[in-house]
Amino acid sequence: MYKQITKLNIYFLAGRLYHVKYSIATLNQALQPQVLDRLALAAAVLLVILLGHGLANFTWSVIPQSREAAPPPQPIAASATEQRPAGNDYRRLASISLFGEASPDDVATAPIEAPDTRLNLTLRGILFNSNPDQARAIIAAPGRADEHYRVGQEISRGVQIDRILADRVILRRDGQYETLRLPEDRLDDVASAPRRRGNPAAPSRVRLRKRRPPIPKT
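Following my numbering from start to finish, the sequence shown increments by one per residue and tops out at 321.
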């Protein structure tokens, strides 16, 4: 009898467990679509919130940089205006001769030590003037009559007058300086030419070579 009661209790408990299991399965099937829908909605809301937060941070990080990158126009214009006088000052200082300027007369009359020329030229006379443009030299070349030469004029190919001094002429021959002298033993006294009216140049001096009298034929 005891065994029969125990067996009935086991059957009853098994039936109850099966009923509970069936109820739980039914409940899960009924609640599963609702849970999934709620989870999907919550995920969508969370994604929207995260996207909005990210866009807000990106916007606020870009706007300050664009404002700082745009330089104000007024300070740039002012700095450019302040720097211009500096360039003008440099040009003004460069144009100033700190040690003075050489006078054209001093440059033209500066002595040059050059060897005597070996060219077959004869210096007949010198019309000296402190102004190089007005000075003249009378030079004779083989096969030609006496001619008057000025500074810079070419006597022959590659030979030109560089300077005309009181007692000699400086020649420039192929880039080298040579001296054509007026012989001292054949000079007349130095004569001063009259100064022209309105000409501030120093008086000219003419030095002519004394020609020997012809030797009589025997």
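We put the beta carbon where it would ideally sit given N, CA and C, even for glycine.
C-beta atoms of residue i and residue j nearer than 8 Å
i: Thr282; j: Thr220; result: yes
i: Arg276; j: Val262; result: yes
i: Arg227; j: Ala243; result: yes
i: Ile241; j: His251; result: yes
Closest by C-alpha distance to residue i, when choosing among the options
i: Leu268; options: Glu216, Leu142, Ala243; result: Glu216
i: Gly246; options: Asn223, Thr129, Leu154, Val165; result: Asn223
i: Arg253; options: Leu230, Arg239, Ala243; result: Arg239
i: Ile229; options: Arg260, Glu287, Tyr280; result: Glu287
Exposure of residue i, with buried meaning 16 or more beta-carbon neighbours within 10 Å
i: Asn232; result: buried
i: Val151; result: exposed
i: Leu285; result: buried
i: Pro218; result: exposed
i: Ile166; result: exposed
i: Ile113; result: exposed
i: Val210; result: Low local confidence applies: a pLDDT of 46 at Val210 is under 50, so the model's placement there is unreliable, and no value is given.
Inter-residue CB distance, residue i and residue j (contact presumed, cutoff 8 Å)
i: Arg266; j: Ile258; result: Between Ile258 and Arg266 the Cβ distance is about 14 Å, and since that is not below 8 Å, they are no contact.
Residue i CB to nearest heavy atom of the ligand FMN below 7 Å
i: Ala147; result: This structure simply doesn't include the ligand FMN, nor any ligand for that matter.
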